[in-house]
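Working notes for the structure below.
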Amino acid sequence: MKKNSNKRINKYKASWQATTSVSSILADLCLIFDGMTAKKEDINTVKQQISQYTCMWCGHTNDKPIPAKGISYGATKSDFTEMKGREPLDIVNNSQVWDDAKVPDIGKEKTVDNTLFHLLFFFLKKKSIVMFCCVCLCPECNYARVYFETEIVRIHVGLNNLTGAQVGWSLKDSLDDSGEFEFVALGNRYSATGVASLLLHKKPFELAYTQEQKIGFSDGDFVVSAADFDNGTFSFFVNGKECVTFPMPPSFRNGTITPFVGLAQGHMRLHFCESRFPIDKLKSYLTIEEYNSQNKGQYLWDTGESVLWQELFRYGVREKETTQSTHPEQYRAHKFVLQIFEHLALQDLAQCRMCCDLYFVYFFFFFFLFNFYIYCVCGMWNHILKQSQISPLSKLKCYYSNKTFKETTIGMMLQLDFKQVSSKSTAKKALTKFRVSPDRISVLAWTKNIQYDSAKEEFTHILPLVINPTHAERAFSDIKKYIPLLSPGGLFTPKGALDIICELLNALSRLQTILLPKENVELLSNQFSGKKVPSREQITHALSVWFSLHHLLLHLRFLFPEMVDQAEECINKFLPVTSERGREDIPQLGKVVMYLLLTPSFDWHAIRRPLIEEQFCRDVPTYISIHRQLEDLETPTKDRLRLTFESTEKSRRKLMLLFVFLTQFGCLGGIQVKNIFDHYNRTYGGYVGVAALRLEV
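Per the working numbering: the sequence shown ends with 1681, consecutive numbering throughout.
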């Protein structure tokens, strides 16, 4: 499924309820295949779920995998349009009996005879003559400027020198019980002096307007039918030359129109992509193919008139009578919109245009997540939002004083707890608790004993952030002051900073032991029974903290180049089988993985074997405590491997997650460390919105 399908899912959630979610079925399958043996009852349960599943897109079921003829695919309209939109639609009527229709109405199943159209279109790249046409192939238009092109393959001159061919637009809601409907179309007439066209406006049982035009069409010509809702006009072009522009009748201005054809003894081919002839007037128009690939919000953002930005953001878009008590949803939306733009300069704002229907737009901003409402804005606005890093910037201020990182030094509030792992006096302590507040605080507020967040939860430590070079320079003295306080005792040293930051990075990734489905962050399943599944907000928060720590590590790496040698020295000591690989010296093995963030001489492949061997040795007491039969050396090898593998699920999952954090967010293949650091500085230590999608098992 395409990524932008998520936008359409939200639209149809209210009207569709799943019998069984796909994620639940896949989760059950994962549980079955994860074990060495599968229980028969588990397999039967999944089979039953699959047999009861109904596809929300087109109604497929296990018993009826083929959709009904003429089905409207609804939410996947643009998917089908992209597949078929560039293929022509052939309309043939070899009978002398006149027949006309709105193109979507041809989608009704009909008995094929000589008086009806034979529709020809491509389906899955295979050309077939069919008796129906999916409605989603041809759109219903009610905004923008749109056109389609008709190729005149063959037409026949009939009575009164009129050809049996008309092409144009029909009004959707004008169809009555008799089959009559209102349309505006361009027909054709032959005379002694040549061929001319005939503009028609026909209402049910009434010819409202007819006028002959100088330019006509015949076999091999191309006729473009264009509709301009902005200016209220219909236009027709023949072989690139304008034939006529006609004011839209009042009924069409606020209505919904569809492509229209009328034909007798002829063959026409409709094209929904670009015109064969360059027409300057149509440069601002959309083809049917383009029209189907966007929504009205996108078009309004692209074409709306400019507004006075300073007035918009001073007074907002809230109605005067809207207050927090009377309209809480609208009030929150109003505050959300103001927060989005408060960090942008006026010259940046002035480059974009906003649609007139602001009330509609800010509700889009409020009810859709940041990653999904981008599609409602124009290309320039999209560029401004990404370059300005709205989401990270809005959080980079002290929640207590409301001062931004440009005014003061900003840091993260942490809860840390260490536990001694050995009775030896020289033994190191392991980090056993690590929490980070979603709020940011200034160092100045922290020194005034404001050591709690907006939820009144107390924290034990502060860690100043890098954010960008200017802030990092101002925060450097505080970084050197507070980093040593994160670990028990000691002054600031590059080696000490390396150890504690890698410890925090390992703890952050290690504690996130439950992963999300790769393709959809929102649709979480109870894949791991008995465990709490993290929410999207928790995953987003964890990622933002991880990137902030990685940013700090790289910042210190360039200030203290010896940190690279120190990291490589730690890995060199770990690789051989020595006592320095033990739990007393390295309480958490994931810390070794985090050293790879700085080491050009080592990568994952250099440490994976000794790392897994050491992890296996450390987990032996766990294996035996779970399966006592492993103590018996006579246990068959097959059973021993099976029991051991079952016991390692938790540690394997932690190791896989460490690998994902390292490869997906740390050591990006082929990208220099300096480039990653520069990217952090440009994005204020933030991350891209699709980062959560890169977490996978």
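A virtual CB, placed ideally from N, CA and C, is assigned to each residue, including glycine.
Using C-beta distances below 7 angstroms, list every residue in its chain close to residue i, excluding the 5 sequence neighbours before and after it, in chain order.
i: Y1269; result: R1129, V1130, Y1131 and A1210
i: T1217; result: T1229, F1230, P1231 and M1232
i: A1169; result: Q1150, V1151, G1152, L1184, F1244 and G1246
i: A1551; result: L1482, Y1579, L1582 and T1583
i: K1464; result: F1476
i: E1258; result: T1271
Straight-line CA distance for residue i to residue j?
i: P1072; j: T1194; result: 29 angstroms
i: T1388; j: D1401; result: 30 angstroms
i: D1423; j: L1617; result: 55 angstroms
i: L1495; j: L1475; result: With a pLDDT of only 48 at L1495, under 50, the local geometry of the prediction cannot be trusted, and the value read off the model is given with reservation. Those two C-alpha atoms are separated by around 28 angstroms.
i: V1644; j: K1638; result: 10 angstroms
i: C1601; j: H1534; result: 30 angstroms
i: G1669; j: N1433; result: 26 angstroms
i: M1396; j: V1420; result: 7 angstroms
i: I1523; j: L1642; result: 15 angstroms
i: L1184; j: S1235; result: 15 angstroms
i: Y1127; j: E1274; result: 13 angstroms
i: T1392; j: K1634; result: 43 angstroms
i: I1485; j: K1413; result: 15 angstroms
i: G1480; j: L1415; result: 15 angstroms
i: L1492; j: Q1399; result: 12 angstroms
i: I1683; j: T1271; result: This structure cannot settle anything about residue 1683, because the visible part of the chain is limited to 985 through 1681.
i: T1147; j: D1214; result: 32 angstroms
i: T1667; j: K1658; result: 14 angstroms
i: A1059; j: N1276; result: The predicted model places A1059 with a pLDDT of 37, which falls under 50 and marks its position as unreliable; any figure quoted below should be read in that light. Answer to the nearest angstrom: the Cα atoms are 12 angstroms apart.
i: F1165; j: E1124; result: 15 angstroms
i: S1409; j: S1631; result: Unreliable positioning characterises S1409 in this predicted model, as indicated by a pLDDT of 48, which lies under 50. The coordinate reading is nonetheless provided below. Their Cα atoms are separated by approximately 33 angstroms.
i: K1567; j: V1604; result: The sequence as given places Arg at residue 1567; Lys does not occur at that position. Rounded to whole angstroms, R1567 to V1604 spans 13 angstroms at the Cα level.
i: N1028; j: K1267; result: 58 angstroms
i: E1289; j: K1381; result: Confidence at E1289 is low in this model, with a pLDDT of 45, below 50, so the placement of that residue is unreliable and no value is reported for it.
i: K1390; j: I1660; result: 23 angstroms
i: R1636; j: F1629; result: 9 angstroms
i: E1025; j: T1621; result: 28 angstroms
i: K1198; j: D1157; result: 32 angstroms
Anyone know if the C-beta pair for residue i and residue j falls short of 7 angstroms?
i: W1430; j: I1451; result: no
i: S1385; j: L1449; result: no
i: R1138; j: D1074; result: no
i: G1171; j: L1155; result: no
i: V1228; j: G1200; result: no
i: F1684; j: G1224; result: Outside the modelled stretch of the chain, which goes from 985 to 1681, sits residue 1684, for which no answer is possible.
i: A1192; j: N1077; result: no
i: P1453; j: N1665; result: yes
i: Y1619; j: Q1613; result: A quick correction: the sequence has Thr, not Tyr, at residue 1619. Yes; because the gap between Cβ atoms is below 7 angstroms, this pair is in contact.
i: L1625; j: H1611; result: no
Here's a check: name, in chain order, each residue in its chain whose Cβ is nearer than 6 angstroms to the Cβ of residue i, leaving out the five neighbours to either side.
i: N1490; result: Q1572, G1574, K1575 and M1578
i: H1251; result: V1076, V1137 and R1138
i: D1089; result: The predicted model places D1089 with a pLDDT of 39, which falls under 50 and marks its position as unreliable, so this point remains unresolved.
i: R1565; result: F1558 and E1598
Measure from the alpha carbon of residue i to the alpha carbon of each residue in the options, then state which is nearest.
i: T1242; options: F1167, E1196 and N1223; result: F1167
i: K1186; options: D1462, N1126 and G1152; result: G1152
i: L1581; options: Y1607, E1630, Q1656 and L1527; result: Q1656
i: M1547; options: T1583, L1527 and H1534; result: T1583
i: V1207; options: F1213, T1454 and E1226; result: E1226
i: L1538; options: F1649, K1031, L1428 and A1439; result: F1649
i: V1427; options: F1256, T1454 and Y1383; result: Y1383
i: H1525; options: E1133, K1379 and S1219; result: K1379
i: F1256; options: G1250, K1265 and T1134; result: T1134
i: C1554; options: F1586, N1276 and V1529; result: F1586
i: I1570; options: E1487, M1252 and R1612; result: E1487
i: F1460; options: V1141, L1536 and G1239; result: L1536
i: K1403; options: S1471, R1624, H1455 and I1394; result: S1471
i: F1418; options: V1222, E1258, T1621 and W1530; result: W1530
i: D1212; options: Y1436, N1238, H1140 and M1640; result: N1238
i: A1698; options: F1221, D1205 and I1394; result: Here the chain has residues from 985 to 1681 only, and residue 1698 is not among them.
Leaving out five residues on either side along the sequence, give the residues of the same chain with a beta carbon under 8 angstroms from the beta carbon of residue i.
i: D1662; result: none
i: L1646; result: V1577, M1578, L1580, L1581 and W1588
i: E1615; result: I1608
i: R1253; result: P1072, L1073, D1074, I1075, T1134, E1135 and V1137
i: P1478; result: L1540, F1544, E1546, M1547 and Q1550
i: S1438; result: Y1383 and D1423
| query | Taking three-plus beta-carbon pairs below 8 angstroms as touching, is the segment 1579-1595 in contact with the segment 1552-1566? | reply | Short answer: they touch.
| Quick check: the segment 1437-1446 against the segment 1539-1549, are there 3 or more CB pairs under 8 angstroms? | The segment 1437-1446 makes no contact with the segment 1539-1549, as fewer than three CB pairs between them are under 8 angstroms.
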